[in-house]
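**Student:** Next up is a structure, given as structure tokens.
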Amino acid sequence: MERERILIVDDEPGIRNFMSRIVETLHYDHVEASDGEEALKLYIENRPDLILSDVRMPGLDGLGLLEQVKMINPEQVVIMVTAFDDSDTVKKALKAGAYDYINKPLDLDEVIYSIQRGMEKVRFVKKLKDYQDNLEKQVARQTRQIKKVFAGALSALASALEAKDVYTQGHSRRVTALAVEIARRMHLPPIQVEQIKLAGMFHDIGKIGIKDNILNKNGRLTQEEYSEIKKHPEIAVDIIGELIDKEILDIVLYHHERYDGKGYPAGLKGEEIPLGARILAVADSWDAMTSERPYRKALPKSVAMEELRKNAGTQFDPDIVSVFLDTIMFEKHTHSAEYTVADMLEVAN
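Note that the sequence shown covers residues 1028 to 1376 in our numbering.
This is how it looks when you write it as structure tokens:
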């Protein structure tokens, strides 16, 4: 086990020698400095457990050294050595964070007692830090476990939602795959792509709180029924809000906002809408248009593409529509077949 180390600082060689003999007798390692500048350099190189420093030294004095050291490590234990009648300096040192002080002329018992007390403080601080580090690790581990369980529960809820409505089976997975592909083609950072992926999987989970007769209505919704449907982003946030990052929550909450400010729930406009939510809006609308619904057949993809073009700049972010349509055209050209979601599903997994 590595021995604890003390930095001895004094411009008088005799005092440094006296201190070093005491430190060796107490079985501590030590390094010595004759002034504040040298002491600061040795402190940075050696990171001693305790500092014994004279106050009055040429150049950087003891108080200056104390201030510099405390800026590096606020918990550093420093014992100041002062003249017997220099009470003002003692007050300044203690106010600046010195742990203790020793009066000159030096008394052997006083020096030993002060060093031993200082080392007890050093050990206490180390134990406290180890405890805090271990506690933080335990909390982080437990948080990961809770989030894993929570994510499993959310996935079960999402599955339950799709079981309620045969017309939306696979919708969240398809939307997620499309949104992730758009994000990647926009060269977004991986962390942002991951946020969009998670938001896509849970974006409609709030519909679990909407009545089945509204979700599965075979015909146009009344104004009252549509108002109920519009609550699902806020219901989703209520469900997942405790353990999901705010960036993901905002994508879920605002994925029905419109680029022209006429969407819901907040009427955000343009770039006020989080980028992830603007991406999700395009992917969500595409899948809604090209999938069977209780009130209509799936639209041909050519018609859905035209709808996106027509509503770029009003309902949708035009740049995102452009990226999405380029993606579709690329897929059609590459595979010599009409674009399908199947290729994209692997992207989300």
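Backbone N, C-alpha and C fix where the C-beta goes; we use that ideal spot for every residue, glycine too.
From which residue to which residue does the alpha helix (DSSP H) around Ile1446 run?
**Tutor:** Here the chain covers residues 1028 to 1376 and nothing more, so residue 1446 does not appear.
**Student:** Are there three or more Cβ pairs, one per stretch, closer than 8 Å when the region 1243-1258 is compared with the region 1199-1210?
**Tutor:** No contact exists between the region 1243-1258 and the region 1199-1210.
**Student:** Just to confirm the assignment, what range does the alpha helix (DSSP H) spanning Met1107 have?
**Tutor:** Working through the sequence shown from its first residue, we reach residue 1107 at position 80. Taken as a continuous stretch (DSSP letters only), Met1107 belongs to no alpha helix (DSSP H), being part of the beta strand (DSSP E) at 1104-1110.
**Student:** Would you mind sorting Ser1254 into buried or exposed? The rule is 16 or more other CB atoms within 10 Å of its CB.
**Tutor:** As a position in the sequence shown, residue 1254 is number 227, starting the count at 1. Per the 10 Å Cβ criterion, exposed.
**Student:** Would you check if the region 1300-1310 and the region 1281-1291 touch, i.e. whether three or more CB-CB distances between them fall below 8 Å?
**Tutor:** Touching, yes.
**Student:** Ignore the nearest five residues each way along the sequence and tell me which others in Thr1317's own chain have a CB closer than 7 Å to its CB.
**Tutor:** Counted from its first residue, the sequence shown places residue 1317 at position 290. For Thr1317, where only same-chain residues beyond five positions count, the Cβ hits under 7 Å are Ala1325, Leu1326, Lys1328, Ala1331.
**Student:** Once the 5 residues before and after Tyr1291 are set aside, which same chain residues still bring their CB inside 8 Å of it?
**Tutor:** Numbered from its first residue, the sequence shown carries residue 1291 at position 264. Lys1257, Pro1260, His1283, Glu1284.
**Student:** Report yes or no: do three or more beta-carbon pairs, one from the region 1051-1066 and one from the region 1029-1037, lie closer than 8 Å?
**Tutor:** Segments in contact, yes.
**Student:** Compare the Cα-Cα distances from Ile1235 to each of His1214, Ile1262, Glu1269, Tyr1070 and report the closest residue.
**Tutor:** Position 208 of the sequence shown holds residue 1235. If we check each option's Cα against that of Ile1235, Ile1262 comes out closest.
**Student:** Which of the three DSSP states, helix, strand or coil, is assigned to Asn1130?
**Tutor:** Counting from one through the sequence shown, the residue named residue 1130 turns up at place 103. In this structure, Asn1130 counts as strand in the three-state DSSP scheme.
**Student:** Assuming Met1107 and Val1082 make a contact with CB atoms under 8 Å, what is their CB distance in whole Å?
**Tutor:** Here residue 1107 refers to the residue found at position 80 of the sequence shown. Here residue 1082 refers to the residue found at position 55 of the sequence shown. Indeed they touch by this definition, with Cβ atoms about 6 Å apart.
**Student:** Assuming the contact rule is C-beta atoms closer than 8 Å, Tyr1286 and Phe1343 should be a hit. Round their C-beta distance to whole Å, please.
**Tutor:** By 1-based counting over the sequence shown, the position of residue 1286 is 259. By 1-based counting over the sequence shown, the position of residue 1343 is 316. The pair is a contact, with the Cβ atoms about 6 Å apart (cut-off 8 Å).
**Student:** If you run the structure through DSSP and keep just helix, strand and coil, what is Leu1034?
**Tutor:** Here residue 1034 refers to the residue found at position 7 when the sequence shown is read from its first residue. Leu1034 falls in the strand class under three-state DSSP.
**Student:** Going by other Cβ atoms of all chains shown within 10 Å of its Cβ, with 16 needed for buried, is Asp1109 buried or exposed?
**Tutor:** The sequence position of residue 1109 within the sequence shown is 82, counting from 1. The question names Asp, yet the displayed sequence has Thr at residue 1109. By the 10 Å Cβ count, Thr1109 comes out buried.
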